[in-house]
Amino acid sequence: MPVGPAFPGLSDLLVWPTAHLTEGANYWEAVAARWYQAFAQVWQDSLSLDWEGKAVKALHDRTYADKLRVSGLV
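For the sequence shown, the numbering used here puts the final residue at 113, and the numbers step up evenly by one.
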C-alpha cells in the first residue's frame, strides 16, 4: 500500500493545459504597464506646473520617487 500522496508522472505533466498561465501573465503585464503609464503621467504633469518654491520641488521629488518605485515593481 503506497504511503503519502501519489504524484503524476512526467507524461501526465507534459499534457496538462497551460493556456491559463499565459493568459494570467498577459493580464498582469498589462496591469503593470497601466500602472507605470499612470505614475509616469502624474510625474510628467507635475513638471508642467507653473509653480515655484519648496512645494513644487517636493511634488517633483515625490512623483518621481513614486514613478521609480512603480517601475521597480513593474
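The C-beta atom is built at its ideal place from N, Cα and C for all residues, glycine as well.
- When DSSP states are grouped into helix, strand and coil, residue 52 belongs to the helix group.
- When rounded, the separation of the alpha-carbon atoms in residue 62 and residue 97 is 40 Å.
- Residue range 58-86 is occupied by the alpha helix (DSSP H) that includes residue 85.
- Boundaries for residue 113: no alpha helix (DSSP H) harbours it, and the DSSP string shows neither H nor E there.
- CA-CA distance, residue 64 to residue 108, rounds to 21 Å.
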